[in-house]
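Just below is one structure, and these are the notes that go with it.
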Amino acid sequence: MSNVVHLRDVQTRSKIFTAWERHRHTSVHWLVECFAEFLGVFFYVYAGVGSQIGYILFSKSVWRTPVELSFAIGICGATSGGHFNPAVTITMMVFKGFPPLKAARYIVAQILGGYIACLLIYVQWHDLIVKSELALTAAGMEALLFTPEGPAGAFGLYILPGLHLGRVFINELVTDIMLAIVIWGSIDPTNILIPPQFAPVVIALAYGVAIWGFATPSLAANPARDIGGRLAALTIWGKPAAGGKYAAIAALTSIPATMIGVLLYELFLTDYARVIPSSQREYMDVHHHHAHAPGSVGTSDISSTGKSDIEHKV
Numbered sequence: 177m178s179n180v181v182h183l184r185d186v187q188t189r190s191k192i193f194t195a196w197e198r199h200r201h202t203s204v205h206w207l208v209e210c211f212a213e214f215l216g217v218f219f220y221v222y223a224g225v226g227s228q229i230g231y232i233l234f235s236k237s238v239w240r241t242p243v244e245l246s247f248a249i250g251i252c253g254a255t256s257g258g259h260f261n262p263a264v265t266i267t268m269m270v271f272k273g274f275p276p277l278k279a280a281r282y283i284v285a286q287i288l289g290g291y292i293a294c295l296l297i298y299v300q301w302h303d304l305i306v307k308s309e310l311a312l313t314a315a316g317m318e319a320l321l322f323t324p325e326g327p328a329g330a331f332g333l334y335i336l337p338g339l340h341l342g343r344v345f346i347n348e349l350v351t352d353i354m355l356a357i358v359i360w361g362s363i364d365p366t367n368i369l370i371p372p373q374f375a376p377v378v379i380a381l382a383y384g385v386a387i388w389g390f391a392t393p394s395l396a397a398n399p400a401r402d403i404g405g406r407l408a409a410l411t412i413w414g415k416p417a418a419g420g421k422y423a424a425i426a427a428l429t430s431i432p433a434t435m436i437g438v439l440l441y442e443l444f445l446t447d448y449a450r451v452i453p454s455s456q457r458e459y460m461d462v463h464h465h466h467a468h469a470p471g472s473v474g475t476s477d478i479s480s481t482g483k484s485d486i487e488h489k490v
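By our numbering, the letter at position 96 of the sequence shown is numbered 272, and the numbering carries on one by one without gaps.
Now the structure itself:
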């Protein structure tokens, strides 16, 4: 007799939800996974940009990034695999065999999550943002609008006047490589020091360190945040919000940087001779049994690749 206990074995659910779940597993599981990616990025951007606009307008904010990123990974990661970042999705495709069509769907969902979050924040802060714009115009400081110190800078990412694009690129590249190494180390199933339950905290703290230490010289760290926010800024303010040459650095640098970071980890830190600790085996078994449950197509990190690799997190 199997010792695997599914939720349906101990709790009953209404027929409507049961029918939807059966249909979801067999026909539209891709949509559910995309929604999880959308919602994860939405959490990440909604809390982060909301805090940022508060700081820009009133110099009041709370520490950003770790909290919302933990929300994203903890709540949505089990459904989609928790990429929440086009650079991570592309790297999973290259290194883990993640399906290209599924990767394209994920990336669209991620960017859309950032875009919708920014538009909602603009609606919520609209009156105060307009007052700030009028104050800048009255003071003859319209040029500040599309900088990190202006209201548009909370949505689209811009560089401070006078910064050298080459050094901005280096800042983005090095920081994103660091993030990639931390992410890959956190999802390494042989890493006994970071059990699956603690991985969201470690990854969130890594993003916190990146933002607190290197956001001032200009940092995107996630194309979904940058592209989604920039599209929102373009929707609100038009072409002046495009961001110039920096837009390409912000949108694209993290993709090769993430691949470099993962390559370094695979070359020097991955060791297939290591033993998988019990906490990681339990985590992998849970996903395996979900993937092979009757009427279920499972979660993305197993069913989409045919592997039991843990493919989680931002």
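A virtual CB, placed ideally from N, CA and C, is assigned to each residue, including glycine. Bear in mind that the values here come from a model prediction, so they are computed numbers and not experimental data.
{"query": "In angstroms, rounded to a whole number, what distance separates the CA positions of H445 and M435?", "result": "Inspection of the sequence shows that residue 445 is occupied by Leu rather than by His. Those two C-alpha atoms are separated by around 15 Å."}
{"query": "What is the DSSP secondary structure of H465, reduced to helix, strand or coil?", "result": "helix"}
{"query": "Between S455 and the rest of its own chain, which residues show a CB-CB distance below 7 Å, the 5 nearest in sequence each way excluded?", "result": "P371, P372"}
{"query": "According to the Cβ coordinates, are G404 and I287 closer than 7 Å?", "result": "yes"}
{"query": "Restricting to runs no shorter than 4 residues, where is the alpha helix (DSSP H) found entirely within the region 291-339?", "result": "none"}
{"query": "Where does P393 fall in DSSP's three states?", "result": "coil"}
{"query": "Helix, strand or coil, according to DSSP, for K421 in the structure here?", "result": "coil"}
{"query": "Report yes if the C-beta of G316 is less than 6 Å from at least one heavy atom of the ligand GTP; otherwise report no.", "result": "Among the ligands in the structure shown, none appear at all, so the ligand GTP cannot be discussed."}
{"query": "Are the region 299-313 and the region 379-394 touching, with three or more C-beta to C-beta distances below 8 Å?", "result": "no"}
{"query": "Taking buried to mean at least 16 other C-beta atoms within 10 Å of its own C-beta, is R184 buried or exposed?", "result": "exposed"}
{"query": "Determine contact between the region 273-289 and the region 253-265, defined as no fewer than three beta-carbon pairs at a distance below 8 Å.", "result": "yes"}
{"query": "Identify whether L369 lies in helix, strand or coil by the three-state DSSP scheme.", "result": "coil"}
{"query": "Run the CB neighbour count on Y383, radius 10 Å, all protein chains shown included, and call it buried at 16 or more, exposed below.", "result": "buried"}
{"query": "If you compare alpha carbons, which of I249, K421, P399, G389 is closest to I379?", "result": "I249"}
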